[in-house]
Structures are given as C-alpha cells and as structure tokens.
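In this note's numbering, the protein residues as written are 1 to 291.
Laid out in structure tokens, this is it:
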C-alpha cells in the first residue's frame, strides 16, 4: 500500500468557528429558556441544540501534527490518506487518525552470539539508523513497525555475520574484522531489503561490537599472535634476502673483493643471521688466515 496525500483544513479557523458557535448556542439556549418562560416558542432551543452538534463535529475533527510527523487517516477500516502538514489541522471527524513519527531514530542491537563462516562462535552487535518514509505502509503492512524493525535487523545481522569469516585467510578475502566498510554496506543492504515492506528506510548500519566468544577468545588470540609472528618473520626474511643480494651485487660490481662460492655462502649465512636475528649479534674477529 503506497502513501496517498490528502488535504486537510487549517485548524485555527475551525477552532475559532467552534468557539463562536458555542457562544451562539449558549445565547440561543438562554434566549429560548427566557422566551419559553414568557410563552415563547422553542425554536431558539432547537437551534441551540443543532449548534451544539456542529460544535462537537468541529471539535472532534481537530488534531495536531508535530514537525516530522504524519497522520494516517482511515474511515471504517479503509485507508483514506496521509497528512504531513505540521500544526493544528482539521479533517472529517469520522476519520480515525494514527500518528506516526518520521524522525530519524537509531537503536543498538544486543550482543548476538553467532557462528561465522568458519564455524567459530563470535559476538557481534550493530547500530542501526532508520526512518519511516511511508507512514501508510508502517501502519497497514505490519502489526508493530518498531518491533518489526528490531527483530528484522537482528535477523539480518545474524545472516550477514554467518556469511563472512572473522579473520582474513586469503589475500582479497572479505572478513568481518578487516573490512568494516564493506561489511557495514552489506548489512545496510540486507536490513533495507527486509524493512522495505514496512515503509522504513535504513540510513546507516554500523558494527558496534565484534569479538570471539569468551570460550574460544584465548585460543583465537594465540592464533592471531602466531599469524602475526609468521607474517613479521616472512617480511624480515624477504627483506634480508634482498639486502644480501644487493650486498653481493655491489661487491662484485665494484670489485672490492673476489669471493669464491664457498666464501659467498659463508657471507650469506652470516648476513642472514645478523639481519634475521632477534638480538644484536656480537662480532667475532678472525686474526688468522681466512682458510
């Protein structure tokens, strides 16, 4: 059901008319009572009663709308239209009116415990920023649109978390921890697809909490530390090999010293030990013959 704008009358003139009709009804009533006491007709009293009915119709049709709020009008269960003009408004007094806030709202999901793509239990939470853009769909398509937003957002968060690994295993692989922007964009798209039927627009979705479940957190921390050590060692070795190649090339190019294959191997071994060692190496001077 798509939103249908409907015109409404300004409420201030209607309120003024209701006050004037009330005063006129009171005057006619007392005039009729005095006239009846002196043998007059009951016409003023009848007119007063009719004015009271008019006043009731005018007053019951009044309602106020705040900025960024919409009133969904229906007549005997049939959708009539939506009013968004802020202020005091008037419509048919037989219309039922339900007001829907169209302000930007946000909520943070609780910490959900799910399994990632690798089957590892993780804890994840997200902040969702949303807004009602179609008040009629929010009223008629779902029973409770606020509860619908919360439940569907958590369901989308669970589905998204299960489709990615926590950590990146291969180059170019999208992971929960290493690609926050891509994950947030995917989460926003999934939530928007679920909430579109309720007339809700998802403005932003961000991961607010991400961690391994407590029962495996220590083991995974050790795994991360081991991976970090391996990555660091790999980079150190690659850099050391490059430096050794450069040193040998410069020695040969400038003809500083002539080294046979055995001496080159010894030099490479010594340089790699110095460059790859965790602690500073202590030099040992050979005072005798090289051979």
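Each residue gets a CB set at the ideal place from its N, CA and C atoms; glycine is no exception.
- Check the Cα spacing between residue 60 and each of 15, 183 and 243: the tightest is with 15.
- The three-state secondary structure of residue 6, taken from DSSP, is coil.
- Per DSSP, the beta-bridge partners of residue 132 are 200.
- The residue among 64, 27 and 65 with its C-alpha nearest the C-alpha of residue 49 is 27.
- Per DSSP, residue 161 is one residue of the alpha helix (DSSP H) stretching across 145-161.
- Distances from the CA of residue 19 to each of 164, 178, 261 and 55 were compared; the closest alpha carbon is that of 55.
- If you draw a straight line from the Cα of residue 194 to the Cα of residue 201, it comes to about 10 angstroms.
- Within its own chain, the residues whose Cβ lies closer than 6 angstroms to the Cβ of residue 71, once the five positions on either side in sequence are excluded, are 65, 83, 97 and 99, listed in chain order.
- In this structure, residue 207 lies near residue 176, with their beta-carbon atoms less than 9 angstroms apart.
- Three or more beta-carbon pairs separated by less than 8 angstroms are not found between the region 100-107 and the region 156-172, which leaves the two stretches without contact.
- Shown here, residue 171 sits in coil according to DSSP, grouped into three states, outside any helix or strand.
- Leaving aside the five residues that flank residue 6 on each side, the residues in its chain whose CB is nearer than 7 angstroms to its CB run, in chain order, 73, 80, 81, 82 and 83.
- Separation of residue 11 and residue 63 (C-alpha to C-alpha, rounded to the nearest whole angstrom) is 8 angstroms.
- For residue 192, the uninterrupted alpha helix (DSSP H) run begins and ends at 180-195, by DSSP.
- Within the model, the alpha-carbon separation for residue 51 versus residue 33 is close to 16 angstroms.
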